[in-house]
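Okay, structure first, notes after.
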Amino acid sequence: MKIKNILLSFALIVVFHVFTQAQKVKTEKEVVSGNEISNSDSLKGTNMLPSEKIYGNLWDTLYIRLSRNAKVSVNDSVILKLLTEENSNFYMPVPGKVISEFGWRHGRIHAGIDIQLNKGDSIHSAFDGVVRISRYFSGYGNIVVVRHYNGLETCYAHMSKRLTKVSQIVKAGDVLGLGGRTGHATCNHLHFEVRYLQEPINPRLVVNFENQKINSDTLIVSNDTFFHRKNISKKHTTNKSDLTIDKKGNYYYIKQGDTLYSLAKRYNTSVTLLCNKNNISEKSTLRIGQKLKL
11 MKIKNILLSF ALIVVFHVFT QAQKVKTEKE VVSGNEISNS DSLKGTNMLP SEKIYGNLWD
71 TLYIRLSRNA KVSVNDSVIL KLLTEENSNF YMPVPGKVIS EFGWRHGRIH AGIDIQLNKG
131 DSIHSAFDGV VRISRYFSGY GNIVVVRHYN GLETCYAHMS KRLTKVSQIV KAGDVLGLGG
191 RTGHATCNHL HFEVRYLQEP INPRLVVNFE NQKINSDTLI VSNDTFFHRK NISKKHTTNK
251 SDLTIDKKGN YYYIKQGDTL YSLAKRYNTS VTLLCNKNNI SEKSTLRIGQ KLKL
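Note that this note's numbering has the sequence shown beginning at 11, numbered continuously upward.
So, in structure tokens, the structure goes:
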């Protein structure tokens, strides 16, 4: 009888433990639009949630985007201040050479820029902000996503090790992790993305990677800023003679009626970047057949 009572007590303890753990998991997670969102490190209900006027209470610590099919648009052009009292500085994430640009690759979007580094190199936050994601995630490998106070988010992928936690407040220059090649990576590099409203934009619109500084203290965001899949894909495939790709990168051959402004708009870049890449000025005359690096 004594042994029976002991076994019964032990069984009750086990059942109670399993029940309490299940309740704990249930309260720490909720389902939003079909996605599991962890609230264990949530900033909801506090006054620390960055860019709350833009994102509301959307603080997903698992996924970069809530839906692949979501269409993002802005009614008017939005001017984002890159340097403010809250975003007081810029710091180059890593000082290496760009080895892969933002754009289309084999029918898929390469949503960031790849920067060469050595395994173990420190990877720094570009601006002040709060860590929204810090996890191992599919092809990204070890990734950290930082939401900044102006609404931009920056993503740092393929790390060998993450050194930050979700909801951690970081300053520009703080070390987020160490360089590596986790996930779908063939060499050690940093995959660096810039996003607004969860959609990727060309990081070169923000950062001059050669001079290791930002292009301006403001960024103008409009619907043309977003790299819309269907629209851009159509433009890139309508006339194959317009664009040739070689080992050095993407080049465009000038045709009648082309201007720097029209090319910048078509290929989601800026006139300043086109001029810098091709050692020309905004007043330069474009010749038919002239090759421009995009």
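Backbone N, C-alpha and C fix where the C-beta goes; we use that ideal spot for every residue, glycine too.
Cβ contact check for the region 157-166 and the region 190-210: 3 or more pairs under 8 Å = Proximity of the region 157-166 to the region 190-210 meets the contact definition, three or more beta-carbon pairs being nearer than 8 Å.
Ends of the alpha helix (DSSP H) at residue 270?
-> Taken as a continuous stretch (DSSP letters only), the alpha helix (DSSP H) holding residue 270 covers 270-276.
Got a sec? Which residues, its chain only, sit under 8 Å from residue 112 by beta carbon, not counting five neighbours each side?
-> Closer than 8 Å at the Cβ level, and outside the excluded window around residue 112, lie 120, 121, 122, 123, 210, 212, 213, 214 and 237.
Inter-residue Cα distance where the pair is residue 109 and residue 224 | Taking the CA atoms as reference points, residue 109 sits about 19 Å from residue 224.
Option in 144, 159 and 229 with minimal Cα separation from residue 137 = Measuring from the Cα of residue 137, the nearest candidate turns out to be 159.
DSSP-derived helix/strand/coil call for residue 63 | Helix, per DSSP.
First through last residue of the alpha helix (DSSP H) which encompasses residue 285 | Its alpha helix (DSSP H) spans residues 281-288.
Measuring CB to CB, does residue 125 end up less than 8 Å from residue 74?
-> No, these two residues do not count as a Cβ contact at 8 Å.
Same chain, Cβ closer than 8 Å to residue 285, five either side skipped, listed in chain order | 270, 291, 292 and 294, listed in sequence order.
For residue 261, which of helix, strand or coil comes out of DSSP?
-> If DSSP states are grouped into helix, strand and coil, residue 261 belongs with the strands.
Quick one: is residue 216 buried, meaning 16 or more other Cβ sit within 10 Å of its Cβ, or exposed?
-> So residue 216 counts as buried.
Taking residue 221 as the reference, which of 102, 171 and 93 has the closest Cα?
-> Cα-wise, what sits closest to residue 221 is 102.
Out of 208, 87, 131 and 118, point me to the one whose CA is closest to residue 106's CA.
-> Of 208, 87, 131 and 118, the smallest CA-CA separation from residue 106 is found for 131.
Could you have a look at residue 43 and say whether DSSP puts it in helix, strand or coil?
-> Residue placement at residue 43 cannot be trusted, given a pLDDT of 31 that sits under 50; what the coordinates show is reported in the next sentence. Coil.
From this set, 104, 187 and 127, which residue's C-alpha is nearest residue 145's C-alpha?
-> When 104, 187 and 127 are compared, the shortest CA-CA separation from residue 145 is found for 187.
Distance CB(residue 183)-CB(residue 169) smaller than 8 Å | The answer is no: Cβ separation not under 8 Å.
Residue range of the beta strand (DSSP E) that includes residue 95 = Per DSSP, residue 95 belongs to no beta strand (DSSP E) and is neither H nor E.
So, helix, strand or coil for residue 214, using DSSP?
-> Residue 214: helix per DSSP, three-state reduction.
What three-state label does DSSP hand residue 124 in the structure shown?
-> Three-state DSSP puts residue 124 in a strand.
With a 10 Å radius around its C-beta and 16 neighbouring C-beta atoms as the bar for buried, classify residue 185 as buried or exposed.
-> Around the CB of residue 185, fewer than 16 other CB atoms lie within 10 Å, so the residue is classed as exposed.
Cβ of residue 141 within 8 Å of Cβ of residue 174?
-> Between residue 141 and residue 174, the C-beta spacing is below 8 Å.
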